[in-house]
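The end of the sequence shown is residue 509 by my numbering, with every number in the run present.
Heads up: the structure comes next, in structure tokens.
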Amino acid sequence: MSLDLRVEIDSMINERNMSEEQVLSLINDMIKSAYKRKYGTDENCLIEFDDTNRVMSVYQIKKVVAEENWYSESMEIPLDEALELVDDVEIGDELKIEMDPKTFEASSVQSAKQRSQQIVKEYYNDKLYADAKRKEGKLIYGEIKRRRDNGDYGVNLNLDVEATFPVRSQSPRETYSIQQKYKFLVERVDKADSQNDNQRKGKGAKGVRIYLTRGSKDFVKALVENEVPEISSGDVEIKSIARQAGVRTKIAVDTHKSDVDPVGAVVGAKGSRIQTVMTECEGEKIDVVRYSSDPLVFVANALIPAQVQRVVTIDPASKHIVAIVDDNQLGIAIGQAGVNVKLAKMLCDWNIEVKTPSQFAEMEETQKIYENVEDLFASSEEEEGEEAISNDQIGIAPDDTPIADIGLDAKLVEKLHARDIWSVEEFFDYTEEELVDLGFSSEEIQEVKSNVVIEEEEEYSFECPNCHSILAAGTTVCPNCGVEFEFE
């Protein structure tokens, strides 16, 4: 008996936004699933579809065997039964016997329905994932719907799945309000595994995860690209970008055309273009600098708004460089909480020290002493002396712990030095996100942290000189004999 599927096919095409080919494939899987549930296999199940009339027929293929050799009811048919169906048939032939799917057991049909629902869900998730994936790395408007317990926000993007705006991707300069629309960058789109899906409740547990950001450097980069047509045309290129969200961003730009000013193109007439980007970032300062393949020039440019006298390369191998500025420019070059020089380091990928002329002169004198000591001694003791001078030269405080002394792999130590991280204390001055921006993997960051041992301070005590009782540090009156103490 054939099945007229016109209504069902049209319904699924319209309601599920599926193609006719996908609907037919789904129905085919449903019927085979029900058949297999009843007969244990679907190898001999044949389904034929009439495209013109949208009619589907189901057949069971059976091999004709002798009565005494008939063992499988689902795969074989005795010769005498076969002759009742077809006049001209012999042992070894195959018969195509039409079936009525409505005769399948209820449990088989129910199993097929469950399978079809799973297929529809998978198709829906795949389509949703594909739609969202096309928006990855692009700017999009979204409305904040709710604030979750962990500080993340749920955002409506009109994609039939709630996106996540994590705490780590928020700018500390900004505040966010429910039912307000904001511009976001689609940072990442993932397919969620079923185990995680089962742990989630409510809207969003659809197998697709969308993560948004306003706090990453890529968000600012996308804003600039959207605002500057010369970038889209290829006349201007963003070479690198460094950001401390909510505080400052530095962007290095370049061009291959002699008649194009890349900085002017990005900044715009009277700063109009970059002002639009700064307004979107709630007033965060943005420096646009000219890129140069010459690190001396690039470093000087990267330290704006400070004016740099000159730049001196100390060690090309470790990318150690010194920028010399006037005394009144030192604070500007370093920036509040060191943010200006830190972003310049990230932008140029050089270890930048900022010195005044007098500080640099002292540094040169130290270098001469270092070279003299190196010429005089060649023993291991001399190497220790060199290390001590080197530590002083690179600015490790006496109470700081050199990063090379905590048992790390030599290559990791070299990489840390190359990023101007010479002590444990300097390492913990950076956030994990900043360390990732500097090129460190999560495993490398964890290796450093696991090698740092925090020693607990000992609790001190003293002996009462009168009754010889042991008293805790800070005791001013002996509880045993009443003697009073005064400490200097």
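All C-beta atoms, glycine included, are put in the ideal place defined by N, C-alpha and C.
According to the neighbour-count rule (16 or more other Cβ atoms, all chains shown, within 10 Å of its Cβ), is residue i buried or exposed?
| i | result |
| --- | --- |
| Val-85 | buried |
| Asn-179 | exposed |
| Asn-171 | exposed |
| Val-498 | exposed |
| Gln-200 | exposed |
| Leu-106 | exposed |
| Ser-237 | buried |
| Ala-494 | exposed |
| Gly-460 | exposed |
| Gly-113 | exposed |
| Phe-449 | exposed |
| Glu-183 | buried |
| Cys-502 | exposed |
| Leu-233 | buried |
| Ala-266 | buried |
| Asp-420 | exposed |
Do residue i and residue j have their C-beta atoms within less than 8 angstroms of each other?
| i | j | result |
| --- | --- | --- |
| Lys-340 | Asp-370 | yes |
| Leu-368 | Lys-271 | yes |
| Arg-194 | Glu-305 | yes |
| Phe-205 | Arg-167 | no |
| Ala-327 | Ala-290 | no |
| Ile-345 | Phe-319 | no |
| Asn-487 | Val-504 | yes |
| Arg-189 | Ala-213 | no |
| Val-249 | Val-281 | no |
| Ile-325 | Asn-372 | no |
| Lys-117 | Ile-82 | yes |
| Val-309 | Val-284 | yes |
| Val-241 | Ile-262 | yes |
| Ile-424 | Val-445 | yes |
| Tyr-80 | Met-120 | yes |
| Glu-164 | Val-210 | no |
| Val-360 | Val-268 | yes |
| Tyr-197 | Tyr-174 | yes |
| Val-274 | Tyr-312 | yes |
Got a sec, what are the start and stop residues for the alpha helix (DSSP H) residue i sits in?
| i | result |
| --- | --- |
| Arg-294 | 293-301 |
| Cys-66 | From DSSP, Cys-66 is part of no alpha helix (DSSP H) but of the beta strand (DSSP E) over 66-71. |
| Val-360 | 360-369 |
| Asn-322 | 316-323 |
| Ile-466 | 463-471 |
| Lys-432 | 431-439 |
| Glu-102 | 100-106 |
Determine the DSSP secondary structure at residue i, reduced to helix, strand or coil.
| i | result |
| --- | --- |
| Gly-223 | The predicted model places Gly-223 with a pLDDT of 42, which falls under 50 and marks its position as unreliable, so this point remains unresolved. |
| Arg-168 | strand |
| Ser-490 | coil |
| Asp-121 | coil |
| Leu-45 | helix |
| Arg-189 | helix |
| Ile-52 | helix |
| Gln-357 | helix |
| Gly-352 | helix |
| Cys-499 | coil |
| Ile-340 | The question names Ile, yet the displayed sequence has Lys at residue 340. Coil, per DSSP. |
| Glu-446 | helix |
| Arg-58 | helix |
| Glu-143 | helix |
| Glu-505 | strand |
| Asn-177 | strand |
| Tyr-529 | Limits of the chain in this structure are 22 at one end and 509 at the other, which puts residue 529 out of reach. |
| Asp-426 | helix |
| Glu-385 | helix |
Which residue comes first and which comes last in the beta strand (DSSP E) that contains residue i?
| i | result |
| --- | --- |
| Val-76 | 76-86 |
| Asp-239 | Here Asp-239 belongs to no beta strand (DSSP E); instead the alpha helix (DSSP H) covers 238-248. |
| Leu-456 | It is not in any beta strand (DSSP E) - Leu-456 instead sits in the alpha helix (DSSP H) that spans 453-458. |
| Ile-373 | 372-376 |
| Tyr-197 | Premise fails: Tyr-197 is in no beta strand (DSSP E) and is neither H nor E. |
| Arg-311 | 306-311 |
| Thr-234 | 229-234 |
| Tyr-92 | Unbroken run through Tyr-92: none, as it is neither H nor E. |
| Lys-202 | 202-212 |
Hey, would you say the C-beta of residue i is under 7 angstroms away from at least one heavy atom of the ligand ADP?
| i | result |
| --- | --- |
| Leu-116 | The ligand ADP is not part of the structure shown, which contains no ligands of any sort. |
If you scan the stretch 250-299 from start to end, which runs of the beta strand (DSSP E) of 3 or more residues do you find wholly inside it? 258-265 and 269-275, all fully within the stretch 250-299.
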